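Working notes for the structure below.
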Amino acid sequence: MAETAATQAAVELSDGPAQSCWAIFVSCLQLVPTPIWAAILSVTAIITAAIFGARWQRKIARETLTFNTIEHQLWDKDYIDARKLFIKARDSMTPVELTDLSKQASVTNENAAAVRAILNNYEVMSLGMLTGVLDEKLYKKYFRGTFLADYEGAKPFIQGVQAKNKKAYKEYETLYERWRANGQ
């Protein structure tokens, strides 16, 4: 009987040209007992709140991890020492010297070790951002200029390493291209 009433209501509502599908839907809802709709709406609200809550918590966790990672880098003595050597090599060496440096073992050459350490750090950070583990927007806001300048300055070194291993520094390269293209 409810099916007949719903069909009849739909036919009556569809008779007028201005009637919408929404009106038909609402009229059909009126035929279903209120407690059922209350339960459906309650469950829908709970699921929606859970989804938004989980997304919000993930966003906060990602931003917190990114912030803590940046803060740790700024105070880590090994990172600071490697960064100083990296900047010295990046700014004082010619492209040919940087390419040659990429062929030297990190164990025997302190500059090669420092450049690799900084580039490896950028690679790990890029991987984290590209996979969504780290917050790219926050990291980009803080490091964009340095991130791009370091890639450009170390490009001969990167290319030297990639001559032996095509996958080396690919995440860093991908993020560099994206950030450079965006311009901001």
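All residue numbers in the sequence shown are consecutive under the numbering used here, ending with 318. C-beta atoms are modelled at their ideal positions from N, C-alpha and C, and glycine is treated no differently. Remember, it's a predicted structure, so these values are computed and weren't measured experimentally.
Within 10 Å of its beta-carbon, does Y276 have 16 or more other beta-carbons around it, so buried, or fewer, so exposed? exposed
Return the CA-CA distance between I170 and E197, expressed in angstroms with no decimal places. 41 Å
By the DSSP assignment, the alpha helix (DSSP H) with Q191 in it spans what residues? Looking at the DSSP string, the run of the alpha helix (DSSP H) that includes Q191 is 168-209.
What is the rounded straight-line gap between the Cα of R192 and the Cα of T182? 15 Å
So what does DSSP say about G266, is it helix, strand or coil? coil
Go ahead and pull the three-state DSSP assignment for G279. In the structure shown, G279 sits in a helix (DSSP, three-state: H, G or I).
Find out if the Cβ-Cβ distance for the pair G187, T233 is shorter than 7 Å. no
Those runs of the alpha helix (DSSP H) which lie wholly inside the region 213-238 and span at least 4 residues: Residue ranges of uninterrupted alpha helix (DSSP H) with 4 or more members, entirely inside the region 213-238 and ordered along the chain, are 229-236.
Under a Cβ-count criterion, where at least 16 other Cβ atoms within 10 Å of its own Cβ denotes burial, should V230 be classed as buried or exposed? exposed
So, helix, strand or coil for N243, using DSSP? Coil.
Identify which residue in V177, D225, I180 has its Cα closest to the Cα of G287. D225
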